[in-house]
Amino acid sequence: MIQHRMAPMSEMIRVRPTQDGTYTVYRGMTALISGLTRLQAERYEASIARQQQGLVSAGA
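My numbering applies: residue 8 is where the sequence shown begins, and numbers increase by one.
Right, here's the structure in full:
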């Protein structure tokens with residue numbers, strides 16, 4: 008399981024495998040997207056992390 012903590016106010020982003028062999032991306036307890044390959048899920052997670060990082064940088 009991959010976890011990121013970007014900003015103090017942001018919720019943890021997680022990629023978790025499902026029983027059918029696909030992956031789901033969560034923000035906190037909310038599923039953002041499911042049915043992805045691991046590579047797709049990791050790329051989606053990375054794009055969210057970059058967006059959050061940009062928001063944190065813009066607020067500084």
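Note that beta-carbon positions come from the ideal geometry of N, C-alpha and C, so glycine has one too. Predicted, not measured: the structure shown is a model, and the values here were computed from it.
Query                                                                                   : Result
Three-state class that DSSP yields for V28 in the structure shown                       : One point to set straight first is that residue 28 is Gly, not Val, in the sequence displayed. Coil, per DSSP.
G66 in three-state terms, based on DSSP                                                 : helix
Residues near A14 by beta carbon distance below 7 Å, same chain, minus five either side : The predicted model places A14 with a pLDDT of 44, which falls under 50 and marks its position as unreliable, so this point remains unresolved.
Nearest-angstrom Cα separation, counted from Q47 out to S54                             : 11 Å
Y33 vs L43 beta-carbon contact at 9 Å                                                   : no
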